[in-house]
Amino acid sequence: MKNTLQRKNYRLTSLCVSILCVVALSGCQRDEVQAPVDNYKADSTPSAAVSPADSTCGAAPQGELVAQRIDAANSTRSEPGLYEGPVWIGNALYFSDFTFSQGFPSRVQKLDMDGTLTTVIEDSGSNGLAVDLAGDLLAGTHKYKSVSRFNLLTGERTSVAEAYQGNVFNSPNDLVLANDGSLYFTDPAFQRDAAPGGQEKTSVYRVDLDGTVTLVDDTISNPNGISLSPAQDVLYVNGGGEQGILRAYPMVDGYPQAGNNLVEGLVIPDGMAVDCHGNIYVTEHTAQRLRVFSPSGEQLALIKTDANVTNAAFGGPEGKTLYLTGAGAVWKVELSVTGSPY
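Just so we're aligned: the sequence shown equals residues 1 to 342 in full-length UniProt numbering.
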């Protein structure tokens, strides 16, 4: 997500969601540090993603569409800010709501299907969100310069990853949980000023079940959105700002290989989602749009919004509603295809 310049649902049961995932880059730097964390729970390993061949997948969007703003979700804050990190859990959309004031204060909001908007965590310091099978919220938290886990019932926070090679992170942003329980996240510098310290580079990281943090890639300027294909055979990361790229890392034996730029010329790419066919839904922040690309990089569709857009997630009763977050707003588009809940 951005600072003042800017900033996934397969069908799921009442407490479980199928999580898209990413695995570690086998050829990447293997310097490791044991993070002082609350390690992943054994039951937090998500089930396998829906196969692209699933008969319930539906047809992907084509052409140009316009997202519908959900007026009940419009921000009531007096200061400017952004909504970020949408994740569909149960029957509601959860997202971060932060402002541009000092420290980028953030809270987690819940938008019910009837339009009711409530604050579930008042001081989360969060940006991107995900969920594990235990129903806990995973978050990139710039306030703590870490990846955190929140209990949605109590709001209690524990750390998942706090540092790499002895230094705290810049401002953990977007994240995705793998089938084996490992976690992957981007660490740009957008909210680096929220707290002291940081890394020399903006990077992508992996967190093992035991809390070990491993570098995946440090060659993308301000990496932002991160997702995985339904078959878990490709990792996608975007970033690069005004001359943005979408990079694809082919997976071999469960590990990403060297990445190649699948799409170039993106305008400040931000969060993204993936549908059950493996198409990638990439938001472009200041361009106020989301573009849908096939796994080969062909543009399939364009979805417009009426303000800066930050991220996307599939939700709704059938998992076919695409939700978008942005500058104090939430939009939705009814589609025929299912996709990732964050």
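Ideal Cβ placement from N, Cα and C applies to all residues, glycine included.
Just so you know, these numbers come straight off a predicted model, no measurement behind them.
Which residues in the same chain as residue i place their Cβ atom closer than 8 Å to its Cβ, once the five residues preceding and following it in sequence are excluded?
{"i": "Gly240", "result": "Ile220, Ser221, Asn222, Leu266 and Pro269"}
{"i": "Gly63", "result": "Ala301 and Leu302"}
{"i": "Glu284", "result": "Gly244, Leu266, Val267, Ile268, Pro269, Asp270, Leu290, Arg291 and Val309"}
{"i": "Cys57", "result": "Val50, Asp275, Cys276, His277, Val337 and Thr338"}
According to DSSP, simplified to helix, strand and coil, what is residue i?
{"i": "Glu156", "result": "coil"}
{"i": "Gln299", "result": "strand"}
{"i": "Asp71", "result": "helix"}
{"i": "Asp112", "result": "strand"}
{"i": "Thr45", "result": "With a pLDDT of 32 at Thr45, under the threshold of 50, the modelled position of that residue is not reliable, and the figure given next carries that caveat. The answer is coil: DSSP assigns Thr45 none of H, G, I, E or B."}
{"i": "Asp217", "result": "strand"}
{"i": "Arg77", "result": "coil"}
{"i": "Gly181", "result": "coil"}
{"i": "Lys145", "result": "coil"}
{"i": "Ser203", "result": "strand"}
{"i": "Asp187", "result": "strand"}
{"i": "Ser227", "result": "strand"}
{"i": "Ala329", "result": "coil"}
{"i": "Ala59", "result": "coil"}
{"i": "Ala161", "result": "strand"}
{"i": "Ala134", "result": "coil"}
{"i": "Thr305", "result": "coil"}
Going by beta carbon distance, what residues of the same chain come within less than 6 Å of residue i, once the five residues before and after it are set aside?
{"i": "Asp114", "result": "none"}
{"i": "Lys320", "result": "Leu335 and Thr338"}
{"i": "Arg247", "result": "Val237, Gly259 and Asn261"}
{"i": "Ser106", "result": "Ser96, Phe98, Ser124, Gly125 and Ser126"}
{"i": "Tyr342", "result": "Lys8, Val87, Ala130 and Ala313"}
{"i": "Thr141", "result": "Gly125, Ser126 and Ser148"}
{"i": "Pro80", "result": "Phe100"}
{"i": "Gly198", "result": "Asn170 and Arg192"}
{"i": "Lys41", "result": "For Lys41, the predicted model reports a pLDDT of 33, less than 50, meaning its position is unreliable and no value from the coordinates is stated."}
{"i": "Lys145", "result": "Val168, Phe169 and Ala195"}
{"i": "Val204", "result": "Thr186, Val216, Asp217, Pro223 and Val237"}
{"i": "Asp112", "result": "Ala92"}
{"i": "Gly103", "result": "Ala194"}
{"i": "Ser229", "result": "Gly278"}
{"i": "residue 343", "result": "No answer is possible for residue 343: it lies beyond the span of the chain, which begins at 1 and ends at 342."}
{"i": "Lys201", "result": "Asp218"}
Which first and last residues belong to the beta strand (DSSP E) in which residue i is found?
{"i": "Val337", "result": "Segment: none, Val337 is in no beta strand (DSSP E) and carries neither H nor E."}
{"i": "Asp314", "result": "Here residue 314 turns out to be Phe, not Asp, going by the sequence shown. It spans Val309 to Gly315 - the beta strand (DSSP E) in which Phe314 sits, taken as one unbroken run."}
{"i": "Ala139", "result": "Leu137 to Thr141"}
{"i": "Asn238", "result": "Val234 to Gly239"}
{"i": "Asn127", "result": "Ser126 to Val131"}
{"i": "Phe169", "result": "No beta strand (DSSP E) contains Phe169, which DSSP labels as neither H nor E."}
{"i": "Glu64", "result": "Gly63 to Val66"}
{"i": "Gly326", "result": "Thr321 to Gly326"}
Going by DSSP, what residues sit across from residue i in a beta bridge?
{"i": "Gly244", "result": "Leu266"}
{"i": "Glu284", "result": "Pro269 and Arg289"}
{"i": "Asp97", "result": "Tyr83 and Arg107"}
{"i": "Arg192", "result": "Answer by DSSP bridge pairing: none, since Arg192 is not bridged."}
{"i": "Asp210", "result": "Partner(s): none; Asp210 has no beta bridge."}
{"i": "Asn151", "result": "In DSSP, Asn151 forms no bridge with anything."}
{"i": "Asn261", "result": "Arg247"}
{"i": "Asp275", "result": "Gly339"}
{"i": "Val252", "result": "Tyr255"}
{"i": "Val176", "result": "Tyr184"}
Cutting at 7 Å between CB atoms, please list the residues of its own chain near residue i, excluding the five before and the five after it.
{"i": "Gly244", "result": "Asn238, Leu266, Val267, Ile268 and Pro269"}
{"i": "Thr286", "result": "Gln6, Val267, Ile268 and Asn308"}
{"i": "Gly297", "result": "Leu262 and Val263"}
Would you say the beta carbon of residue i comes nearer than 7 Å to a heavy atom of the ligand ADP?
{"i": "Ala307", "result": "Looking for the ligand ADP in the displayed structure turns up nothing, as the structure carries no ligands at all."}
Could you confirm whether any beta carbon from chain D is found closer than 8 Å to the beta carbon of residue i?
{"i": "Thr310", "result": "Among the chains in the structure shown there is no chain D, since it carries only a single protein chain."}
Answer yes if the region 119-138 comes into contact with the region 204-212, meaning at least three C-beta pairs across the two stretches below 8 Å, and no otherwise.
no
Any chance the region 311-318 sits against the region 80-95, with 3 or more Cβ pairs inside 8 Å?
yes
Could you check whether the region 70-79 touches the region 296-304, counting it as contact only if at least three pairs of C-beta atoms, one from each stretch, sit closer than 8 Å?
no
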